[in-house]
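Undergrad:
In the working numbering, the protein residues as written are 4 to 396.
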(Lines of atoms letter the chains of each structure in order from A and count residues from 1; the text may use other names and numbers.)
(Lines give C-alpha, C1' and ligand atoms only; values in the text may rest on other atoms or scores of the structure.)
Protein backbone atom coordinates (compact mmCIF):
# COMPACT_ATOMS: atom_id res chain seq x y z
CA UNK A 1 0.00 0.00 0.00
CA UNK A 2 2.83 2.42 0.76
CA UNK A 3 4.47 1.63 -2.57
CA UNK A 4 1.18 2.27 -4.34
CA UNK A 5 1.11 5.72 -2.73
CA UNK A 6 4.72 6.25 -3.81
CA UNK A 7 3.86 5.31 -7.39
CA UNK A 8 1.01 7.81 -7.58
CA UNK A 9 3.08 10.55 -5.94
CA UNK A 10 6.23 10.05 -7.99
CA UNK A 11 4.31 10.55 -11.22
CA UNK A 12 1.51 12.78 -9.99
CA UNK A 13 3.56 15.45 -8.24
CA UNK A 14 5.59 16.17 -11.38
CA UNK A 15 2.45 16.33 -13.54
CA UNK A 16 0.81 18.68 -11.04
CA UNK A 17 3.92 20.86 -11.14
CA UNK A 18 3.63 21.15 -14.94
CA UNK A 19 0.17 22.66 -14.49
CA UNK A 20 1.76 25.39 -12.36
CA UNK A 21 5.10 26.11 -14.11
CA UNK A 22 7.31 25.36 -17.13
CA UNK A 23 10.45 26.68 -15.45
CA UNK A 24 13.49 24.32 -15.58
CA UNK A 25 14.75 25.87 -12.35
CA UNK A 26 11.48 25.17 -10.54
CA UNK A 27 11.35 21.60 -11.83
CA UNK A 28 14.96 21.12 -10.76
CA UNK A 29 14.09 22.38 -7.27
CA UNK A 30 11.18 19.93 -7.09
CA UNK A 31 13.45 17.02 -8.06
CA UNK A 32 16.05 18.17 -5.55
CA UNK A 33 13.48 18.29 -2.74
CA UNK A 34 12.72 14.59 -3.24
CA UNK A 35 16.33 13.60 -2.50
CA UNK A 36 17.47 16.35 -0.12
CA UNK A 37 16.31 14.47 3.03
CA UNK A 38 18.91 11.78 2.36
CA UNK A 39 21.61 14.44 2.48
CA UNK A 40 20.20 16.02 5.63
CA UNK A 41 19.11 12.93 7.59
CA UNK A 42 20.76 9.85 6.09
CA UNK A 43 23.42 9.56 8.79
CA UNK A 44 21.29 10.30 11.86
CA UNK A 45 18.36 8.21 10.63
CA UNK A 46 20.65 5.25 9.99
CA UNK A 47 21.98 5.45 13.53
CA UNK A 48 18.42 5.61 14.88
CA UNK A 49 17.38 2.54 12.90
CA UNK A 50 20.14 0.59 14.66
CA UNK A 51 18.93 1.74 18.08
CA UNK A 52 15.11 1.74 17.87
CA UNK A 53 12.37 -0.75 17.10
CA UNK A 54 12.29 -0.85 13.30
CA UNK A 55 8.61 -1.76 13.07
CA UNK A 56 7.70 1.21 15.27
CA UNK A 57 9.85 3.52 13.13
CA UNK A 58 7.88 2.50 10.05
CA UNK A 59 4.51 3.01 11.76
CA UNK A 60 5.37 6.49 13.06
CA UNK A 61 6.91 7.67 9.79
CA UNK A 62 4.02 6.42 7.68
CA UNK A 63 1.49 8.02 10.05
CA UNK A 64 3.25 11.37 9.65
CA UNK A 65 3.21 10.86 5.86
CA UNK A 66 -0.56 10.30 5.88
CA UNK A 67 -1.16 13.44 7.96
CA UNK A 68 1.02 15.45 5.56
CA UNK A 69 -0.86 14.20 2.50
CA UNK A 70 -4.25 14.92 4.06
CA UNK A 71 -3.17 18.48 4.94
CA UNK A 72 -1.99 19.25 1.40
CA UNK A 73 -5.14 17.62 0.00
CA UNK A 74 -7.12 20.17 1.99
CA UNK A 75 -5.07 23.01 0.48
CA UNK A 76 -5.68 21.62 -3.01
CA UNK A 77 -9.43 21.42 -2.41
CA UNK A 78 -9.36 25.05 -1.29
CA UNK A 79 -7.52 26.08 -4.47
CA UNK A 80 -4.34 27.15 -2.68
CA UNK A 81 -1.86 24.72 -4.27
CA UNK A 82 1.38 26.35 -5.49
CA UNK A 83 4.75 25.12 -6.73
CA UNK A 84 6.28 26.08 -3.35
CA UNK A 85 3.75 23.88 -1.55
CA UNK A 86 4.60 21.00 -3.91
CA UNK A 87 8.31 21.46 -3.15
CA UNK A 88 7.54 21.43 0.58
CA UNK A 89 5.42 18.29 0.11
CA UNK A 90 8.21 16.52 -1.79
CA UNK A 91 10.72 17.45 0.92
CA UNK A 92 8.51 16.34 3.81
CA UNK A 93 7.43 13.16 2.06
CA UNK A 94 11.10 12.39 1.47
CA UNK A 95 11.87 12.79 5.18
CA UNK A 96 9.40 10.05 6.06
CA UNK A 97 10.81 7.89 3.27
CA UNK A 98 14.32 8.03 4.77
CA UNK A 99 13.16 6.35 7.97
CA UNK A 100 10.76 3.88 6.36
CA UNK A 101 13.23 2.70 3.73
CA UNK A 102 16.18 2.31 6.11
CA UNK A 103 14.11 0.42 8.68
CA UNK A 104 12.67 -1.94 6.09
CA UNK A 105 15.99 -2.54 4.35
CA UNK A 106 17.81 -3.31 7.61
CA UNK A 107 15.32 -6.08 8.41
CA UNK A 108 15.88 -8.15 5.26
CA UNK A 109 19.02 -10.01 6.43
CA UNK A 110 17.39 -10.61 9.84
CA UNK A 111 14.59 -12.47 8.07
CA UNK A 112 16.58 -14.29 5.38
CA UNK A 113 20.04 -14.85 6.83
CA UNK A 114 23.26 -13.71 5.17
CA UNK A 115 23.50 -16.25 2.39
CA UNK A 116 24.17 -14.43 -0.89
CA UNK A 117 21.60 -16.64 -2.64
CA UNK A 118 18.87 -15.96 -0.08
CA UNK A 119 19.57 -12.22 0.01
CA UNK A 120 19.52 -11.99 -3.79
CA UNK A 121 16.27 -13.97 -3.97
CA UNK A 122 14.62 -11.88 -1.23
CA UNK A 123 15.69 -8.59 -2.81
CA UNK A 124 14.45 -9.74 -6.21
CA UNK A 125 11.04 -10.67 -4.79
CA UNK A 126 10.70 -7.44 -2.84
CA UNK A 127 11.61 -5.40 -5.90
CA UNK A 128 9.06 -7.36 -7.97
CA UNK A 129 6.28 -6.48 -5.55
CA UNK A 130 7.45 -2.87 -5.38
CA UNK A 131 7.41 -2.52 -9.16
CA UNK A 132 3.91 -3.96 -9.49
CA UNK A 133 2.40 -1.46 -7.04
CA UNK A 134 4.80 1.45 -7.47
CA UNK A 135 5.27 1.15 -11.20
CA UNK A 136 2.43 -0.68 -12.93
CA UNK A 137 -0.52 0.65 -10.96
CA UNK A 138 0.71 4.01 -9.64
CA UNK A 139 1.75 5.95 -12.79
CA UNK A 140 -1.32 5.35 -14.99
CA UNK A 141 -3.53 5.93 -11.96
CA UNK A 142 -1.73 9.25 -11.38
CA UNK A 143 -2.30 10.23 -15.02
CA UNK A 144 -6.02 9.62 -14.63
CA UNK A 145 -6.22 11.39 -11.26
CA UNK A 146 -4.55 14.54 -12.63
CA UNK A 147 -7.52 14.89 -14.96
CA UNK A 148 -9.88 14.71 -11.96
CA UNK A 149 -7.99 17.30 -9.93
CA UNK A 150 -5.06 17.80 -7.56
CA UNK A 151 -7.07 16.71 -4.51
CA UNK A 152 -7.49 13.25 -6.04
CA UNK A 153 -3.75 12.94 -6.78
CA UNK A 154 -2.96 13.69 -3.13
CA UNK A 155 -5.98 12.18 -1.38
CA UNK A 156 -5.78 8.65 -2.75
CA UNK A 157 -2.13 8.18 -1.62
CA UNK A 158 -3.16 9.43 1.83
CA UNK A 159 -5.76 6.65 2.08
CA UNK A 160 -3.24 4.06 0.83
CA UNK A 161 -0.66 5.12 3.44
CA UNK A 162 -3.26 4.90 6.21
CA UNK A 163 -3.99 1.35 5.04
CA UNK A 164 -0.26 0.55 5.24
CA UNK A 165 -0.14 1.83 8.83
CA UNK A 166 -3.12 -0.33 9.72
CA UNK A 167 -1.46 -3.43 8.26
CA UNK A 168 1.77 -2.81 10.18
CA UNK A 169 -0.04 -2.01 13.41
CA UNK A 170 -2.56 -4.87 13.39
CA UNK A 171 -1.11 -7.48 11.05
CA UNK A 172 2.34 -7.65 12.66
CA UNK A 173 1.41 -7.35 16.31
CA UNK A 174 3.13 -10.64 17.16
CA UNK A 175 6.27 -9.88 15.19
CA UNK A 176 8.29 -7.12 16.76
CA UNK A 177 11.71 -6.51 15.28
CA UNK A 178 13.95 -5.66 18.22
CA UNK A 179 16.32 -2.73 18.05
CA UNK A 180 19.86 -3.89 17.44
CA UNK A 181 22.13 -2.13 19.92
CA UNK A 182 25.83 -1.84 19.44
CA UNK A 183 28.23 -3.11 22.04
CA UNK A 184 29.33 -0.45 24.58
CA UNK A 185 32.94 -0.67 23.42
CA UNK A 186 31.92 0.20 19.86
CA UNK A 187 32.14 3.93 20.63
CA UNK A 188 33.48 5.02 17.27
CA UNK A 189 30.71 3.33 15.34
CA UNK A 190 28.08 4.70 17.72
CA UNK A 191 29.18 8.19 16.70
CA UNK A 192 26.89 9.97 14.26
CA UNK A 193 29.34 9.64 11.38
CA UNK A 194 30.36 6.09 12.26
CA UNK A 195 28.65 4.75 9.14
CA UNK A 196 30.71 7.07 6.96
CA UNK A 197 33.91 5.96 8.66
CA UNK A 198 33.05 2.31 8.07
CA UNK A 199 32.32 3.00 4.42
CA UNK A 200 35.46 5.04 3.89
CA UNK A 201 37.71 2.32 5.33
CA UNK A 202 36.08 -0.54 3.44
CA UNK A 203 37.93 -1.44 0.21
CA UNK A 204 34.78 -2.78 -1.49
CA UNK A 205 32.00 -0.52 -0.26
CA UNK A 206 33.90 2.77 -0.57
CA UNK A 207 34.39 2.69 -4.36
CA UNK A 208 31.02 1.11 -5.05
CA UNK A 209 29.16 3.73 -3.03
CA UNK A 210 31.10 6.76 -4.24
CA UNK A 211 31.13 5.80 -7.91
CA UNK A 212 27.49 4.78 -7.54
CA UNK A 213 26.83 8.31 -6.29
CA UNK A 214 28.49 9.71 -9.40
CA UNK A 215 26.26 7.46 -11.53
CA UNK A 216 23.21 8.71 -9.61
CA UNK A 217 24.26 12.31 -10.26
CA UNK A 218 24.09 11.71 -14.00
CA UNK A 219 20.78 9.88 -13.82
CA UNK A 220 19.19 12.55 -11.60
CA UNK A 221 20.33 15.37 -13.89
CA UNK A 222 18.54 13.67 -16.77
CA UNK A 223 15.44 12.97 -14.67
CA UNK A 224 15.21 16.61 -13.56
CA UNK A 225 14.58 17.78 -17.14
CA UNK A 226 12.86 14.73 -18.63
CA UNK A 227 9.26 15.87 -17.95
CA UNK A 228 9.92 19.24 -19.56
CA UNK A 229 11.46 17.48 -22.57
CA UNK A 230 8.62 14.99 -23.05
CA UNK A 231 5.33 16.36 -21.65
CA UNK A 232 3.13 19.30 -22.56
CA UNK A 233 2.67 21.77 -25.42
CA UNK A 234 5.97 22.95 -26.86
CA UNK A 235 7.95 19.99 -25.51
CA UNK A 236 9.95 17.71 -27.80
CA UNK A 237 7.69 14.75 -27.02
CA UNK A 238 4.40 16.67 -26.81
CA UNK A 239 2.87 13.91 -24.63
CA UNK A 240 -0.24 14.50 -22.55
CA UNK A 241 -0.20 13.72 -18.80
CA UNK A 242 -2.44 10.71 -19.44
CA UNK A 243 -0.12 9.36 -22.14
CA UNK A 244 2.88 9.94 -19.89
CA UNK A 245 1.21 7.97 -17.10
CA UNK A 246 0.86 5.02 -19.46
CA UNK A 247 4.28 5.32 -21.12
CA UNK A 248 6.21 5.24 -17.85
CA UNK A 249 4.80 1.78 -17.15
CA UNK A 250 7.67 0.60 -19.37
CA UNK A 251 10.09 1.32 -16.51
CA UNK A 252 8.46 -1.02 -13.96
CA UNK A 253 7.79 -3.53 -16.74
CA UNK A 254 11.52 -3.65 -17.37
CA UNK A 255 12.17 -3.71 -13.62
CA UNK A 256 9.84 -6.66 -13.12
CA UNK A 257 11.57 -8.52 -15.93
CA UNK A 258 14.91 -7.60 -14.40
CA UNK A 259 13.90 -8.96 -11.00
CA UNK A 260 13.11 -12.30 -12.66
CA UNK A 261 16.36 -12.30 -14.64
CA UNK A 262 18.57 -11.31 -11.70
CA UNK A 263 18.72 -14.70 -9.99
CA UNK A 264 19.24 -16.48 -13.33
CA UNK A 265 22.15 -14.22 -14.31
CA UNK A 266 23.79 -14.29 -10.89
CA UNK A 267 23.86 -18.09 -10.91
CA UNK A 268 25.93 -17.99 -14.11
CA UNK A 269 28.02 -14.81 -13.98
CA UNK A 270 30.19 -13.06 -11.35
CA UNK A 271 28.42 -10.30 -9.43
CA UNK A 272 30.72 -7.53 -10.65
CA UNK A 273 30.30 -8.55 -14.27
CA UNK A 274 26.53 -8.29 -13.89
CA UNK A 275 26.70 -5.01 -11.94
CA UNK A 276 29.04 -3.22 -14.34
CA UNK A 277 27.10 -4.41 -17.36
CA UNK A 278 23.91 -3.01 -15.86
CA UNK A 279 25.55 0.33 -15.07
CA UNK A 280 26.96 0.62 -18.59
CA UNK A 281 23.68 -0.27 -20.32
CA UNK A 282 21.68 2.00 -18.02
CA UNK A 283 24.03 4.92 -18.74
CA UNK A 284 23.67 4.44 -22.49
CA UNK A 285 19.87 4.39 -22.12
CA UNK A 286 19.90 7.97 -20.77
CA UNK A 287 20.26 9.37 -24.30
CA UNK A 288 17.40 7.35 -25.82
CA UNK A 289 14.71 9.98 -25.06
CA UNK A 290 16.99 12.59 -26.62
CA UNK A 291 17.46 10.59 -29.81
CA UNK A 292 13.79 9.57 -30.00
CA UNK A 293 11.48 11.92 -28.02
CA UNK A 294 8.40 9.82 -28.65
CA UNK A 295 6.23 7.13 -27.10
CA UNK A 296 8.43 4.45 -28.70
CA UNK A 297 11.60 6.12 -27.44
CA UNK A 298 10.28 6.40 -23.89
CA UNK A 299 9.12 2.78 -23.91
CA UNK A 300 12.57 1.65 -25.06
CA UNK A 301 14.24 3.81 -22.42
CA UNK A 302 11.94 2.55 -19.67
CA UNK A 303 12.44 -1.11 -20.51
CA UNK A 304 16.24 -0.83 -20.70
CA UNK A 305 16.56 1.34 -17.59
CA UNK A 306 14.15 -0.87 -15.64
CA UNK A 307 15.93 -4.13 -16.44
CA UNK A 308 19.41 -2.74 -15.82
CA UNK A 309 18.41 -0.78 -12.73
CA UNK A 310 16.74 -3.60 -10.83
CA UNK A 311 19.40 -6.20 -11.60
CA UNK A 312 22.04 -3.72 -10.47
CA UNK A 313 20.10 -3.01 -7.27
CA UNK A 314 19.71 -6.71 -6.52
CA UNK A 315 23.48 -7.13 -6.78
CA UNK A 316 24.43 -4.07 -4.75
CA UNK A 317 21.71 -4.77 -2.17
CA UNK A 318 23.09 -8.25 -1.53
CA UNK A 319 26.75 -7.21 -1.26
CA UNK A 320 26.54 -4.80 1.69
CA UNK A 321 24.86 -7.17 4.23
CA UNK A 322 27.62 -9.71 3.57
CA UNK A 323 30.28 -7.13 4.42
CA UNK A 324 28.77 -5.43 7.49
CA UNK A 325 27.61 -6.86 10.89
CA UNK A 326 23.88 -6.62 11.59
CA UNK A 327 24.39 -4.14 14.44
CA UNK A 328 25.85 -1.64 11.96
CA UNK A 329 23.56 -2.17 8.96
CA UNK A 330 21.27 0.78 9.75
CA UNK A 331 24.02 3.39 10.05
CA UNK A 332 26.02 2.01 7.14
CA UNK A 333 22.85 1.94 5.04
CA UNK A 334 22.15 5.52 6.08
CA UNK A 335 25.71 6.57 5.24
CA UNK A 336 25.50 4.82 1.87
CA UNK A 337 22.31 6.66 0.99
CA UNK A 338 23.68 9.90 2.42
CA UNK A 339 26.45 9.66 -0.18
CA UNK A 340 24.53 7.95 -3.00
CA UNK A 341 21.31 9.95 -2.69
CA UNK A 342 22.79 13.08 -1.10
CA UNK A 343 24.43 14.09 -4.35
CA UNK A 344 21.11 13.87 -6.19
CA UNK A 345 19.51 17.14 -4.97
CA UNK A 346 22.68 18.99 -5.90
CA UNK A 347 22.63 17.36 -9.33
CA UNK A 348 18.94 18.12 -9.86
CA UNK A 349 19.31 21.78 -8.88
CA UNK A 350 22.38 22.18 -11.06
CA UNK A 351 20.70 20.50 -14.03
CA UNK A 352 17.64 22.75 -13.71
CA UNK A 353 19.76 25.90 -13.63
CA UNK A 354 22.04 24.85 -16.48
CA UNK A 355 19.15 23.64 -18.65
CA UNK A 356 17.82 27.19 -18.71
CA UNK A 357 21.19 28.32 -20.09
CA UNK A 358 22.57 25.53 -22.31
CA UNK A 359 19.36 23.67 -23.10
CA UNK A 360 17.93 20.29 -22.13
CA UNK A 361 19.77 18.21 -24.80
CA UNK A 362 23.17 19.25 -23.43
CA UNK A 363 22.12 18.15 -19.93
CA UNK A 364 20.99 14.74 -21.20
CA UNK A 365 24.28 14.12 -23.03
CA UNK A 366 26.33 15.21 -20.00
CA UNK A 367 24.26 12.89 -17.79
CA UNK A 368 25.02 9.84 -19.94
CA UNK A 369 28.74 10.66 -20.09
CA UNK A 370 28.89 11.06 -16.29
CA UNK A 371 27.20 7.70 -15.69
CA UNK A 372 29.49 5.89 -18.14
CA UNK A 373 32.54 7.44 -16.45
CA UNK A 374 31.31 6.19 -13.07
CA UNK A 375 30.96 2.69 -14.53
CA UNK A 376 34.54 2.69 -15.86
CA UNK A 377 35.94 3.90 -12.52
CA UNK A 378 34.05 1.25 -10.55
CA UNK A 379 35.24 -1.49 -12.88
CA UNK A 380 38.84 -0.37 -12.52
CA UNK A 381 38.62 -0.38 -8.70
CA UNK A 382 36.51 -3.36 -7.56
CA UNK A 383 36.93 -6.96 -8.70
CA UNK A 384 34.96 -10.08 -7.84
CA UNK A 385 38.04 -11.44 -6.08
CA UNK A 386 38.10 -8.37 -3.83
CA UNK A 387 34.42 -8.86 -2.92
CA UNK A 388 34.94 -12.54 -2.09
CA UNK A 389 37.93 -11.71 0.10
CA UNK A 390 35.96 -9.27 2.33
CA UNK A 391 32.80 -11.24 3.04
CA UNK A 392 32.04 -11.84 6.71
CA UNK A 393 32.68 -15.40 7.80
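Where a beta carbon is used, it is the ideal one built from N, C-alpha and C, also for glycine.
What is the rounded straight-line gap between the Cα of residue 214 and the Cα of residue 151?
TA: 42 Å
Undergrad: Thinking C-beta only, is residue 142 closer than 7 Å to residue 251?
TA: yes
Undergrad: Can you find at least 3 beta carbon pairs, one from the segment 304-323 and one from the segment 4-22, that sit closer than 8 Å?
TA: no
Undergrad: Looking only at its own chain, which residues have a Cβ that is under 6 Å from the Cβ of residue 201, when we skip the five neighbours before and after it?
TA: 335
Undergrad: Measuring CB to CB, does residue 35 end up less than 7 Å from residue 337?
TA: no
Undergrad: By how many angstroms is the C-alpha of residue 102 removed from the C-alpha of residue 60?
TA: 7 Å
Undergrad: Would you decide whether residue 6 is buried or exposed? Buried here means 16 or more other CB atoms lie within 10 Å of its CB.
TA: buried
Undergrad: Just tell me which of 290, 289 and 265 has its CA closest to the CA of residue 278.
TA: 265
Undergrad: Cβ of residue 97 within 7 Å of Cβ of residue 355?
TA: no
Undergrad: For the 8 Å Cβ check, are there 3 or more pairs between the segment 371-385 and the segment 234-247?
TA: No: the two stretches stay apart, fewer than three of their Cβ pairs being nearer than 8 Å.
Undergrad: Using a Cβ-Cβ cutoff of less than 8 Å, which residues in the same chain neighbour residue 219 once the five nearest sequence positions on both sides are dropped?
TA: These residues qualify, in order along the chain: 343, 344, 346, 347 and 350.
Undergrad: Could you give the distance in angstroms between the alpha-carbon of residue 193 and the alpha-carbon of residue 305?
TA: Because residue 193 carries a pLDDT of 49, less than 50, the predicted location of this residue cannot be relied on, and the following value inherits that uncertainty. Roughly 41 Å separates the two Cα atoms.
Undergrad: What does DSSP give as the partner residues of residue 242 in its beta bridges?
TA: 234
Undergrad: Given a cut-off of 7 Å on the beta-carbon distance, is the pair residue 253 and residue 302 in contact?
TA: yes
Undergrad: Check whether the Cβ atoms of residue 317 and residue 123 sit closer than 7 Å, and answer yes or no.
TA: yes
Undergrad: In this structure, how does DSSP classify residue 156 when only helix, strand and coil are distinguished?
TA: helix
Undergrad: Hey, residue 281 and residue 309: beta-carbon distance below 7 Å or not?
TA: no
Undergrad: Can you tell which of 204, 360 and 9 has its C-alpha closest to the C-alpha of residue 156?
TA: Selected option, being the one with the closest Cα: 9.
Undergrad: Of the residues 88, 330 and 231, which one's Cα is nearest the Cα of residue 54?
TA: Among 88, 330 and 231, the Cα nearest to that of residue 54 is on 330.
Undergrad: Check for me: the alpha helix (DSSP H) holding residue 13 runs from which residue to which?
TA: Annotation for residue 13: the continuous alpha helix (DSSP H) segment containing it runs 5-21.
Undergrad: For my contact list, residue 231 and residue 27 are in at a C-beta cut-off of 8 Å; report their separation, rounded to the angstrom.
TA: 6 Å
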